């Protein structure tokens, strides 16, 4: 008997595709429909079109009413696009509530909108789960010392956002679980709890805590996962990039990467980069940069199929990206075979397995070395 909660996703775009590619991790949910607003260019396409990877055999709808009958719950998800919430999303929430569908929301809501949705759901006797900033403010740490994390830790970080970091995190979780390992995990996005692991903690975004306090709290957060869950390995996905692109595009200065690197020492690291016509020297340079900025080596790289459009970014004064066919990555990997590093393409399912196997081997070698 299938007791899973049937889920329709709106508004769908590239941001949700990694979850769709690893939907088995949504153990309590079954995705029965995905909806992208008309005009976003996805109507009638296969959902895999967004990242130009393999087909997902799920057709994108443009109207929620076309699929709402098939679900128990509507997930209002984050999007890479900016849009008017009141015009685009709120009418669909009202529709879902009238049809007595539960609501899960990972978008940041103004307090009055949150209260309005909550009231509508209560009036109809349906549930409303709000994933954004749902954690209570933690107490400030009393003692300034770092607790040792004895469980092997894998970092997933990248040169910027839009580099398939979250896809890598989900692929690692799935592959390591299939290998029989118990995985503790902190994801780089919200709503990770739907996949039974932890979202990047809210206190890291807090303006009321010092950077030192955030580092201490993150260390305590990871230690708590270690003690309570007793995992074989802990995966930590780090939001943002590692450093500014230039004076115009700060890339948030790589603050999260620095703070997390001070809170926890990784045992293995995978670094994802944007697509460019790189020479092998680039990967040596990036490893040196990470080593001297954050204090650890990169074990392997993922080459994404997302390219930064410098001309448009400069013209619009905001970062703009283009997506290239995932087949380009395979060609680029072949050309970079002379580089003295492991380079993968997470959009290739064979590479998902290879990444996990490579990192497990790395952890095993280091564990053996420590025992000598």
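Residue numbers (the working numbering): 23 to 394. In this text, a Cβ means the ideal position worked out from N, Cα and C, and glycines have one as well. This structure is a prediction, so every number in the text was calculated from the model and none was measured.
- Residue pairing by DSSP puts residue 324 in a beta bridge opposite 294 and 366.
- The alpha-carbon of residue 252 is positioned some 8 angstroms away from that of residue 206.
- Pairing residue 330 with residue 103, the inter-Cα distance amounts to about 16 angstroms.
- In the DSSP assignment, residue 124 forms a beta bridge with 95.
- The Cβ-Cβ distance between residue 328 and residue 345 falls below 8 angstroms.
- Within the same chain, 128, 212 and 213 come within 6 angstroms of residue 153 by CB-CB distance, once the 5 residues on both sides are set aside.
- For secondary structure counted as the beta strand (DSSP E) over 3 or more consecutive residues, the segment 25 to 88 holds these complete runs in sequence order: 27 to 32 and 51 to 57.
- Listed in chain order, the alpha helix (DSSP H) elements of length 4 or more contained wholly in the segment 217 to 267 are 233 to 251.
- Between the segment 307 to 326 and the segment 369 to 380, the count of Cβ pairs shorter than 8 angstroms is three or higher; the stretches touch.
- DSSP, reduced to helix, strand and coil, places residue 152 within a strand of the structure shown.
- Straight across, the Cα-Cα distance linking residue 349 with residue 134 is about 46 angstroms.
- Between residue 196 and residue 101, the beta carbon gap of about 24 angstroms keeps them out of contact (Cβ cut-off 8 angstroms).
- By a beta-carbon distance limit of 8 angstroms, residue 143 contacts residue 119. Their separation comes to about 6 angstroms.
- Within its own chain, the residues whose Cβ lies closer than 7 angstroms to the Cβ of residue 55, once the five positions on either side in sequence are excluded, are 30, 83, 89, 92 and 93, listed in chain order.
- In the structure shown, the three-state DSSP call for residue 312 is helix.
- Take residue 168, set aside five residues on each side of it, and the residues of its chain with a beta-carbon closer than 6 angstroms to its own are 241, in chain order.
- The count of Cβ pairs closer than 8 angstroms, one atom from the segment 310 to 318 and one from the segment 270 to 283, reaches three, so the stretches are in contact.
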